[in-house]
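Colleague:
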Amino acid sequence: MAKALVEVRQLKARLKERAKTEPIAIVGMGCRFPGGADSPEAFWRLLRHGTDAITEVPKDRWDKDAYYDPDPAAPGKICTRSGGFLTGVEGFDAGFFGISPREAEGMDPQQRLLLEVAWEALEHAGQAPDALFKTATGVFTGISSFDYAACQLRAADSRELSVYLGTGIALSAANGRLSYVLGLTGPSMAVDTACSSSLVAVHLACRSLRSGECDLALAGGVNVILLPELSINFSQAGMLSPEGRCKTFDASADGYVRGEGCGVVVLKRLSDALASGDRVWAMIRGSAVNQDGASGGLTVPNGPSQEEVVRRALEDGGVRPDEVGYLEAHGTGTALGDPIEVASLGRVFGSRSGDDPLVIGSVKTNVGHLEAASGIAGLIKAVLALELREIPAHLHFRRPNPHIAWGALPFVIATGPRPWPAGKRRIAGVSSFGAS
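Under the working numbering, the first residue of the sequence shown carries the number 12, and numbering increases by one thereafter.
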């Protein structure tokens, strides 16, 4: 009996240790991205056709002509009229979610989008949302934009403030409301690490699943742009492209173009997904998060830190650098950021053969920089590429950036759709870096 008890304890210890490295299955996805990409299927069509989804600023956001000035340093002006925008962000079926019209009026559109897209992601996973009531399901949301709060507070009469104002504008209420509406009892948290928010949310969800803190997780991010003020600030800081395009890795790269979107993935431990007979779209084998610390400046990219986090993610997933076939880069299209990112990738992947180059690209060339939701857009793109065995075209790449040592690096840009043949397992990496 004593020996049997020891063996049981040893087995439990081995299972617990194995759980720390168990792959996480992506069993469902939902999205709203520029260009009418309101589902994973529509998003793939946009990517497959090489669609540039950037448009002029809609009239319901701000007067693009009144705020425009080609001089990025012009006070109170924006150097571009362009962006990646969603349509119909004001619409919402409040009754479907059991929310009163009055409460819905005070809700940030980001909260509304998150409810809708999370519901669609669960349907995509074949998971009835109602069946999750009182289950250990976690919600991890990347969210940073506070435009709606500024709108509400700017227009509010302090004598007529709605009782729903606080919960309507709080970023933490975005995930809290989703947990409340679906009756989810797992961890629920808003994540703000600037542009890396949604991918950090996915990282935290994976950790929560592996620790047993939750049994299913909804992870992703959302970003909606309603006011011109941050665009004015970003323009004056030299961050925005006057041409209104992310020309990532190109010689003409001059900044990024802002974009909106929402993406959610449904995650399970692989063993649970297989036991449930779920369709597994892809597996997350490893992930990592770090910070630059004291470096060249608060918002200046740090190459060694980027190199370190990529190495740690590979180590966490038990993946060798030469096994990665595609890397979805952060790739904002800034003159400073692109060379630093590619150089750091070169130090990780540079030893691979030139006969087997690593394909790199960025979804920002299609839809713009979705800021807090940018990482989840890149992840969903990578999942679709893995599933459909094709790497979509990277847009606006005409002349290689001369500040990148292309000749010494085993990298290639997919300037057109690129088949991803079978023969060895397909592995993709996704990077996302926060400005702070």
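Here a beta-carbon is modelled for each residue, glycine too, at the ideal position from N, C-alpha and C. This structure is a prediction, so every number in the text was calculated from the model and none was measured.
My guess is that Gly-274 and Ala-201 are in contact by the Cβ rule of under 8 Å, so how many angstroms apart are they, rounded?
Modeller: Locating residue 274 in the sequence shown gives position 263, counting from the first residue. Locating residue 201 in the sequence shown gives position 190, counting from the first residue. Between Ala-201 and Gly-274 the Cβ distance is about 15 Å, and since that is not below 8 Å, they are no contact.
Colleague: Reducing DSSP to helix, strand and coil, say where Ala-228 ends up.
Modeller: For this step, residue 228 is matched to residue 217 along the sequence shown. Ala-228 falls in the strand class under three-state DSSP.
Colleague: Buried or exposed for Pro-10, please, with buried defined as at least 16 other CB atoms from any protein chain shown within 10 angstroms of its CB.
Modeller: Any property of residue 10 remains undetermined from this structure, which presents the chain solely from 12 to 447.
Colleague: Report all residues from its chain with a CB closer than 7 Å to the CB of Pro-350; omit the five preceding and five following residues, and keep chain order.
Modeller: Position 339 of the sequence shown holds residue 350. Around Pro-350: Asn-412, His-414 and Ile-415.
Colleague: Please report the straight-line C-alpha distance between Arg-331 and Leu-369, rounded to a whole angstrom.
Modeller: For this step, residue 331 is matched to residue 320 along the sequence shown. For this step, residue 369 is matched to residue 358 along the sequence shown. Computed Cα separation, rounded: 13 Å.
Colleague: Gly-304 to Ser-111, Cα distance in whole Å?
Modeller: Counted from its first residue, the sequence shown places residue 304 at position 293. Counted from its first residue, the sequence shown places residue 111 at position 100. Their backbone Cα atoms lie some 45 Å apart in a straight line.
Colleague: Let me know the secondary structure DSSP gives Asp-261 once reduced to three states.
Modeller: Numbered from 1 along the sequence shown, position 250 holds the residue referred to as residue 261. DSSP places Asp-261 in strand when its eight states are reduced to three.
Colleague: For Asn-234, which of Thr-98, Arg-437 and Gln-121 has the nearest alpha-carbon?
Modeller: In the sequence shown, the residue the question calls residue 234 occupies position 223. Cα-wise, what sits closest to Asn-234 is Gln-121.
Colleague: Would you list the one or two residues that DSSP bridges to Ile-37?
Modeller: Working through the sequence shown from its first residue, we reach residue 37 at position 26. Bridge partners of Ile-37: Leu-278 and Ala-293.
Colleague: What separation, rounded to the nearest whole angstrom, lies between the Cα atoms of Ala-293 and Ala-230?
Modeller: What you label residue 293 is simply residue 282 of the sequence shown in a count that begins at 1. What you label residue 230 is simply residue 219 of the sequence shown in a count that begins at 1. About 15 Å.
Colleague: Could you please give me the residues that DSSP links to Met-200 through a beta bridge?
Modeller: Position 189 of the sequence shown holds residue 200. Paired residue(s): Phe-151.
Colleague: Closest by CA to Tyr-267, which one among Val-276, Asp-71, Asp-261 and Gly-255?
Modeller: For the purposes of this step, residue 267 is taken as the residue at position 256 of the sequence shown. Taking only the C-alpha atoms, the option nearest Tyr-267 is Gly-255.
Colleague: So, at 7 Å on beta carbons, what are the nonlocal neighbours of Leu-195 in its own chain, with the 5 sequence-adjacent residues on each side left out?
Modeller: Position 184 of the sequence shown, counting from 1, holds the residue named residue 195. Closer than 7 Å at Cβ, skipping near neighbours: Leu-143, Thr-146, Thr-148 and Val-150.
Colleague: Hey, would you say Val-321 sits closer than 7 Å to Val-374, going by beta carbons?
Modeller: Within the sequence shown, numbered from 1, the residue matching residue 321 stands at position 310. Within the sequence shown, numbered from 1, the residue matching residue 374 stands at position 363. Cβ distance not < 7 Å, so Val-321 and Val-374 don't count as in contact.
Colleague: Using DSSP's beta-bridge definition, name the partner residues of Arg-256.
Modeller: As a first step, residue 256 is located in the sequence shown; it is residue number 245 there, counting from the start. According to DSSP, which records beta bridges pairwise, Arg-256 is partnered with nothing at all.
Colleague: Using a threshold of 7 Å, state whether the C-beta atoms of Ile-402 and Ala-396 are closer than that.
Modeller: Sequence index remark: in the sequence shown, residue 402 carries index 391 (1-based). Sequence index remark: in the sequence shown, residue 396 carries index 385 (1-based). Taking 7 Å as the Cβ cut-off, Ile-402 and Ala-396 qualify as a contacting pair.
Colleague: Which same chain residues end up closer than 7 Å to Gly-270 when comparing Cβ atoms and leaving out the 5 residues on each side of it in sequence?
Modeller: Stepping through the sequence shown from its first residue, residue 270 is reached at position 259. Cβ within range, chain order: Pro-45, Gly-94, Gly-95, Val-378, Gly-379, His-380 and Leu-381.
Colleague: Under a three-way DSSP split, which group does Ser-93 fall into?
Modeller: Within the sequence shown, the letter at position 82 stands for residue 93. Note: Ser-93 maps to strand in three-state DSSP.
Colleague: Who pairs with His-380 in a beta bridge, going by DSSP?
Modeller: Against the sequence shown, residue 380 aligns to sequence position 369. DSSP, once it has assigned bridges, lists Arg-269 as partnering His-380.
Colleague: Please list the segments of the beta strand (DSSP E) lying wholly inside the segment 104-175, counting only runs of 3 or more residues, in order along the chain.
Modeller: For the segment 104-175, whole beta strand (DSSP E) runs of length 3 or above, ordered along the chain, are 148-154.
Colleague: Pick out whichever of Val-38, Arg-221, Trp-55 and Thr-376 has its Cα sitting closest to the Cα of Gly-328.
Modeller: Within the sequence shown, numbered from 1, the residue matching residue 328 stands at position 317. Among Val-38, Arg-221, Trp-55 and Thr-376, the Cα nearest to that of Gly-328 belongs to Arg-221.
Colleague: Would you kindly check if the distance between the Cβ of Cys-206 and the Cβ of Thr-376 is under 7 Å?
Modeller: Start at 1 with the first residue of the sequence shown, and residue 376 comes out as number 365. Start at 1 with the first residue of the sequence shown, and residue 206 comes out as number 195. In this structure, Cys-206 does not lie closer than 7 Å to Thr-376 by Cβ.
Colleague: Ordered along the chain, which non-local residues of its own chain (more than five positions away) have a Cβ less than 7 Å from that of Ile-424?
Modeller: Numbered from 1 along the sequence shown, position 413 holds the residue referred to as residue 424. Hits under 7 Å: Phe-260, Ile-371, Gly-372, His-405 and Phe-408.
Colleague: Does the Cβ-Cβ distance between Ala-160 and Ile-180 come in under 7 Å?
Modeller: Translated into positions along the sequence shown, residue 160 becomes position 149. Translated into positions along the sequence shown, residue 180 becomes position 169. The answer is yes: Cβ separation under 7 Å.
Colleague: Kindly identify the DSSP beta-bridge partner or partners of Gly-434.
Modeller: The residue given as residue 434 occupies position 423 in the sequence shown. Bridge partners of Gly-434: none, in fact.
Colleague: Assuming Cys-225 contacts Gly-187 (C-beta within less than 8 Å), just tell me the rounded distance between them.
Modeller: On the sequence shown, position 214 is the one that residue 225 refers to. On the sequence shown, position 176 is the one that residue 187 refers to. Cys-225 to Gly-187, Cβ: 15 Å. No contact.
Colleague: Does DSSP put Val-423 in a helix, a strand or coil?
Modeller: The count along the sequence shown starts at 1 and reaches residue 423 at position 412. In this structure, Val-423 counts as strand in the three-state DSSP scheme.
Colleague: Which value, in whole angstroms, describes the spacing of the CA atoms of Pro-85 and Gly-308?
Modeller: Here the question's residue 85 lines up with position 74 in the sequence shown. Here the question's residue 308 lines up with position 297 in the sequence shown. At residue 85 the sequence reads Ala, which differs from the Pro that was named. Each residue's Cα considered, the two are about 24 Å apart.
Colleague: What first and last residue would you give for the alpha helix (DSSP H) that runs through Leu-220?
Modeller: Locating residue 220 in the sequence shown gives position 209, counting from the first residue. Per DSSP, Leu-220 belongs to the alpha helix (DSSP H) from 208-222.
Colleague: Could you check what DSSP says for Pro-315 in three-state terms: helix, strand or coil?
Modeller: Within the sequence shown, the letter at position 304 stands for residue 315. Three-state result, Pro-315: helix.
Colleague: I believe Gly-427 touches Thr-204 by the beta-carbon criterion, under 8 Å. Please report the beta-carbon distance rounded to the nearest angstrom.
Modeller: For the purposes of this step, residue 427 is taken as residue 416 along the sequence shown, with counting starting at 1. For the purposes of this step, residue 204 is taken as residue 193 along the sequence shown, with counting starting at 1. The Cβ separation is near 34 Å, so there is no contact.
Colleague: Under 8 Å by Cβ, that's how I've got Leu-189 and Ala-129 pegged, so tell me the actual separation to the nearest angstrom.
Modeller: Against the sequence shown, residue 189 aligns to sequence position 178. Against the sequence shown, residue 129 aligns to sequence position 118. Yes, they are in contact, since the Cβ atoms of Leu-189 and Ala-129 sit about 6 Å apart, within 8 Å.
Colleague: Rounded to whole angstroms, what's the CA-CA distance from Ser-298 to Ser-362? Just pull it up for me.
Modeller: Counted from its first residue, the sequence shown places residue 298 at position 287. Counted from its first residue, the sequence shown places residue 362 at position 351. For Ser-298 and Ser-362, the distance between alpha carbons rounds to 22 Å.
Colleague: Look up Glu-339 in the DSSP assignment and say whether it is helix, strand or coil.
Modeller: Within the sequence shown, the letter at position 328 stands for residue 339. Looking at Glu-339 - three-state DSSP - the assignment turns out to be strand.
Colleague: How is the alpha helix (DSSP H) around Ile-351 delimited, first residue to last?
Modeller: Counting from one through the sequence shown, the residue named residue 351 turns up at place 340. Here the alpha helix (DSSP H) through Ile-351 covers 348-360.
Colleague: I'd like the span of the beta strand (DSSP E) that includes Ile-371, first residue to last.
Modeller: Here the question's residue 371 lines up with position 360 in the sequence shown. Start and end: 369-372.
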